[in-house]
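Here is the structure we will look at.
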Amino acid sequence: MAISPLSKNILGLFLKKVCPSCGCSLEDGELLCTWCKLRIDRCSEAHWSSTGAPVLNPSDHMEAGVAGVPVYSAVLYRGLPGEIVVRLKFKGGKHLARAAAGMIMHYSMKLPAPGDVLVPVPAGRKRKRERGYNQAALLTAKLASLSGCRSHDILKKDDSPSQVGLSPSQRRENVAGVFHMNGRYRVPEGANIWLVDDVATTCSTIDSAAGVLLDSGAMSVTGLTLAYRKRTTDSIIHR
Ligand SMILES: [Zn+2]
């Protein structure tokens, strides 16, 4: 049923905008409330997908013999972002994808330019069936609408055990060779691709997926995640 502009105005009086994280009321145009924003720390460095080491000079892809692609994370995992990731990923909090995408747009040191292509890091079939959705795909869709970029679901992933609780070298081994081009899809010609995921820890998932896109003709690949989680200081979620 269509809602007339007048009813919309009247509804607006009753439907106050609320913070998607804590539910308190929001000022117009605000993504999260002031209190929630206080629990967010910006991530001030990018990381190489090949080693997880910080990127010293983003324009230097040959930096100290490091291969791989740069991975930009908007915020640190600790505090609110970690809670948002857990709710989005494990507790059915699909509505938080928009706030997560908004956080990327607001906090990331680098963002996709118009004409760039966003590609979600895919989930394995089994995981997607259990969860009912792929949080990286939801995040990518919201990010596409906020950034004006196109998004293409051109990768697929074999089922592999969870990365949770694995050492950095086990993580790399666990995701080696699990990504493939999705059936009939191709990498758009000359495209700068941004691989989007919720969290980067060792960056090994993005490294493995980026390899497939580069082998399939991508001009450049950059990783983009909501949160960066340091393995040494942040606890690992056991689920
Ligand atoms: Zn809040």
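Numbering (the numbering used here), first residue to last: 479 to 717. By construction, the Cβ of each residue, glycine as well, lies at the ideal position given by its N, Cα and C atoms.
Let me check you understand the geometry: is the CB of L534 closer than 7 Å to at least one non-hydrogen atom of ligand 1?
no
Ligand 1 and L509: does any heavy atom of the ligand fall closer than 7 Å to the residue's C-beta?
No, ligand 1 has no heavy atom inside 7 Å of this Cβ.
Quick check on the DSSP output: the alpha helix (DSSP H) that includes H584 runs from which residue to which?
574–585
Cα-Cα separation between V690 and S698, rounded to whole angstroms
The straight-line gap from Cα to Cα measures roughly 12 Å.
Hey, V656 and S686 are a contact pair by Cβ (cut 8 Å); roughly how many whole angstroms apart?
7 Å
What does the alpha-carbon distance come out to for the pair V677 and L554?
9 Å
Member of V547, S527, L558, C521 whose CA lies at the smallest distance from the CA of T512
L558
Beta-ladder partner(s) of R556, from DSSP:
Answer by DSSP bridge pairing: none, since R556 is not bridged.
Pull up the distance between the alpha-carbon of A601 and that of A669, whole angstroms please.
Their backbone Cα atoms lie some 23 Å apart in a straight line.
For S694 and G610, the rounded distance between their alpha carbons
Rounded to the nearest angstrom, the two C-alpha atoms are 29 Å apart.
What does the Cβ neighbour count give for K635, buried or exposed, with the cut at 16 atoms within 10 Å?
buried
Residue burial classification, H573 (beta-carbon count within 10 angstroms, cutoff 16)
By the 10 Å Cβ count, H573 comes out exposed.
Determine the DSSP secondary structure at L504, reduced to helix, strand or coil.
coil
Okay, do the segment 512–526 and the segment 544–553 touch, 3+ Cβ pairs below 8 Å being the bar?
yes
Among the candidates T679, G530, F568, whose CA atom is the shortest distance from the CA of E608?
F568
What did DSSP end up calling D693 once you bin it into helix, strand or coil?
helix
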